[in-house]
Amino acid sequence: MPGLLDTAVTGLRTSQTALRTTGQNIANANTPGYSRQSIEVATNPAQNNGAGFIGNGARVTAIERTVDEFLIAQLRTDTSLHAELSAFNENIRQLDTLLSDPSTGLSQGLDKFFATMENGADDPTSIPSRQLIVSEADNLAQRFNTLYDSIETVSKNVNQKLGVAVSQINALATSIAEINKNIAQSIGTSDQPPNDLLDQREEALRQLSELVSIDVVDQGDGLLNVSIGSGQSLVVGGDARQLALVDGVLDPQQKEIAYQDSVGSQVISSFIDGGEVGGLLDFRESTLSTAFNELGRIAMVMSDSFNDAHSKGIDLNNQFGGLFFADVNDPAVASTRVFGDSNNAPPSDRVMSVELTDASQLTASDYVLEVASGDTSYRVTRETDGAVVFSGALPSSFPSSIEFDGVQLNFSSGSFQAGDTFLIQPTRTGARDIASALERPDQLAFASPLVTTSDSGNIGNAEISAGSLVSLEDVNGVALPLFDTTGQMSPPLLVQFNTPTSYDVLDNSDPANPVQLDPPIRNQTYVPGQTNQLFTQDSGASLIAANGASLGIGAVTAGAGPLPANPNGYPSEILSVTYTDPATGATQVQSISTGPDDSAKSIASQLSNLSGVTANARNEMTLTGFAGLTNNTPLQVDINGVDLVEYTAGVVDGSVPNPATDSAGFNAYLADRINADPTLQASGVYAVAGTNAISGNPELRVYSTQGDDFNVTLEAQGGETLTVNDYNATAANLTGAGAGNESTVTIGGTLDVEVSSDYALTTNPILSSLFGDSSAVGFSKSSYLGIEASINGVADQGDRFTLDFNADGISDNRNALDLVNLNSQQVVDDGLKTLSDSYGTLVELVSIQTNASGINLEAGQQVLNQTEDLRNSVSGVNLDEEAANLIQFEQIYNANAQVISVARDLFDRLISIF
């Protein structure tokens, strides 16, 4: 009977193990990470009893975890993805609420502020309306500040969550390393796997994947290695590495993840993805930074635009407007926009700052300046797209500056060295720094400083615009003289039409005697029916007025007629225009060569064909001394081949006044003849009969708007004379010598040359006979006045328009309207967006990302649920199945017990026989 009993005992033991394993499964049905276990049963070796082999029962060979390694790895991946999406969604929903909620966002504040501005512009004399604007400006600035503080709180919470996550990662890494040791030890003492330890490790790995994406590699001997980021080992066998939350090397307020090992500490934030940490970092880099920068850009553009517009108006005290909002270029603020890398070589003495130069070009991006490790070259990279916006060499002296994307980076002092790195954040704190600068309602500059009028005696229907102030400073930031004296315009200006198609802008300080400006704005072309701008809007434009020794009147030639026209005697010279790129310093040179005796018209035409150059040629002469003539034959005055004195039947026509007795009448007669001649009209020649202010004698002023030479020829009785004066008052006398003899002289024209910003005119030789000394101080003078005005319609000769200071213009709301119009002007993003558009774009961007995040999170949850279901279908405990197993194993147990009972009964009977 021993064989039967032994066989039954093995069956009983196998059944007991099966029942215990099933009980273990049931007991851990809700234990996280538990994998269902099952026993592996094998038949014991059979015994040969001569008649054949007879079995010896069964044995348990192993207790196995029911797992699918692929599903386990997939579960970690999906868990990591879901945790990343969840962390991102949780934070972006907070940001979305802040920006879009009317009580915390900016839209309502902007609308209320501009509505108040409109009310003030409607009644510029109302002190209560002005006071309300002062209050609303402060409220709007505070709303910017509050919104910044709220977003900053979100940023601090991200840092705090990162700190908690890093602590959890370190704890889990230590736990996994310890479990690795225990598993290795268990396997070393037994050839069976320690199932519960394996489950604990898998659960720890799953929890770790909730925090960060991980890679798991089987080392063998039951050990798993865990790495994160770009391959940084977090767990190696029984050893765990640690992470730390450290200050950013560029921005101390932005915490970074650092990997610590025996070599040292290495920042790995940019390599980490997945899990809660990946979601937090993604939110911070892709959305939170954008919100800070975009909101700051709106605040800075608004401050700068309002300050600029406000400075161009005058307040109730006839003073130009001061700051509306705090100065965006306040040195204390500008210095906070640059951060040096903590790893920069000592000493830490670099002083830098960032100033706004062009609000329309400002971007919502950070920049990084990197100095090459081997030399002093550096480059500035825009972080949003990786574009290099500036490159160059470190300055050899200080202060120095560079410009890019609407900002100016100032190098003030310090020992800048190879390998240095700096973070540049032009707009990040813009919403924090904005503040109202207004204190009193009378400080609001609602009026324009410029007033324009049309002379009541004008004949044409041309009208001048109201005009406006464009700038109080030139391109170098130097105050322009036009409004340099408080409460007046210096000088007041007069626009005077010389012909219906040409005009001068004159200094009208003495209305009885207007004079040319310095530099002059004269002989300007007017196109009827079009809007004609009176002043250059190029703040760096300059003008060169030719005043060389060869210009003007030449020598008199006399002899038997007809005499050919004399050459003007102008020499051949080389005129060069150099363009200097303000960013790189590179130069480009354009040159022309003037020919001998070229007219001013020809030289101007050649110059105007060059880039950045506008040349304006003209000529002017005065004829006097008419009393020295008679109207007897052969009297003839010829200008450029046109005979002015009329003849009938070979004698002077009776309509010609006798200059000897009626010089004023003869003067007027010549003017009428010149102005009526189509040939002279076609070449831009016109005449004005007048009286010399000093002598009181009649004089004929003759002008050429195109700069042609004047060839004047006199034929008269012997001894009769005519005096010709050029524009420099240099005189020449033409003398009659009887019929058939002529006396002639040529007056060459002159020209004004205007060059655009960054262009310069030089001459060869330097002491030019056409332009004078081109190396002299003042050779080129700024032509920028800082104002804008235009005339349109049809003007007539003698029409006049004035521009002057708008003293006591308290009812004028033109500058207030300019301030209001900033609401609709596209002042952001290179003229593509208004202030409201820019904020709306930010709200829309965050809203779209929030919605997309919610959809992604839902999809990630579904994927995770599916993977968990698959894992549970393989490794999870099914209580129905386990209940069935209990019944089955109980029956097997009972059957084995029955076998034992039978064996015992047989044994008892056998004993009783004896």
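Counting from 1 along the sequence shown, just add 812 to a position and that's the residue number in our numbering. Each residue gets a CB set at the ideal place from its N, CA and C atoms; glycine is no exception.
Check, Outcome
"On the DSSP bridge list, what partners appear for residue 1645?", "1640"
"Which first and last residues belong to the beta strand (DSSP E) in which residue 872 is found?", "870 to 877"
"Does the Cβ of residue 1591 have 16 or more other Cβ atoms within 10 Å, making it buried, or fewer, making it exposed?", "buried"
"Should residue 1296 be labelled buried (16 or more other beta-carbon atoms within 10 Å of its own) or exposed?", "exposed"
"Excluding the five sequence neighbours on either side, which residues of its own chain have a C-beta within less than 6 Å of the C-beta of residue 1165, listed in chain order?", "1146, 1147, 1222"
"With a 10 Å radius around its C-beta and 16 neighbouring C-beta atoms as the bar for buried, classify residue 1219 as buried or exposed.", "buried"
"Run the CB neighbour count on residue 1200, radius 10 Å, all protein chains shown included, and call it buried at 16 or more, exposed below.", "exposed"
"I'd like the list of long-range same chain contacts for residue 960, defined as Cβ closer than 6 Å, with 5 residues on each side in sequence excluded.", "1243, 1244"
"Hey, could you find the ends of the alpha helix (DSSP H) residue 1095 is sitting in?", "1087 to 1095"
"In this structure, how does DSSP classify residue 1306 when only helix, strand and coil are distinguished?", "strand"
"Helix, strand or coil for residue 910 per DSSP?", "helix"
"What is the DSSP secondary structure of residue 813, counted as helix, strand or coil?", "With a pLDDT of only 46 at residue 813, under 50, the local geometry of the prediction cannot be trusted, and no value is derived from it."
"Quick check: what's the CA-CA separation for residue 1449 versus residue 1331?", "35 Å"
"Does the structure place the segment 1596 to 1609 close enough to the segment 901 to 910 that three or more beta carbon pairs sit under 8 Å?", "no"
"Distance check for residue 1016 and residue 988, CA to CA, integer angstroms please.", "7 Å"
"From residue 887 to residue 985, what distance separates their C-alpha atoms?", "19 Å"
"Mark residue 1612 as exposed unless 16 or more other C-beta atoms lie within 10 angstroms of its C-beta, in which case mark it buried.", "buried"
"Nearest CA to the CA of residue 1728: which residue from 1216, 1251, 1700?", "Any answer about residue 1728 is impossible in this case: the structure gives the chain only from 813 up to 1726."
"Which complete beta strand (DSSP E) runs does the segment 1531 to 1598 hold, if anything under 3 residues is left out?", "1533 to 1538, 1543 to 1547, 1553 to 1559, 1562 to 1567, 1571 to 1576"
"On the three-state DSSP scale, how would you describe residue 1271?", "coil"
"To the nearest angstrom, how far is it from the Cα of residue 1419 to the Cα of residue 1564?", "11 Å"
"Which of the three DSSP states is assigned to residue 1026 in this structure?", "coil"
"On the criterion of 16 or more Cβ atoms from any shown chain inside 10 Å, does residue 1738 qualify as buried, or is it exposed?", "No statement about residue 1738 is possible, as the shown extent of the chain runs from 813 to 1726 and does not include it."
"Identify which residue in 1512, 851, 1566, 1376 has its Cα closest to the Cα of residue 1558.", "1376"
"Whole angstroms are fine: how far does the CA of residue 1141 sit from the CA of residue 1578?", "42 Å"
"To the nearest angstrom, how far is the alpha carbon of residue 1553 from that of residue 1446?", "9 Å"
"Specify, as a first and last residue, the run of the beta strand (DSSP E) that residue 1316 falls within.", "1314 to 1319"
"Spatial neighbours of residue 1135 within its chain, please: CB distance less than 6 Å, with the 5 preceding and 5 following residues excluded, ordered by chain position.", "1119, 1249"
"Are the Cβ atoms of residue 1516 and residue 1536 separated by less than 7 Å?", "no"
"In terms of residue numbering, what span does the alpha helix (DSSP H) encompassing residue 1630 cover?", "1626 to 1633"
"Would you please state the rounded distance, in angstroms, between the beta carbons of residue 1253 and residue 1626? I believe it to be under 8 Å.", "No, residue 1253 and residue 1626 are not in contact; Cβ-Cβ is about 18 Å, not under 8 Å."
"Determine whether the beta carbon atoms of residue 1260 and residue 1280 lie at a separation below 7 Å.", "yes"
"Are the CB atoms of residue 1116 and residue 1176 nearer to each other than 7 Å?", "no"
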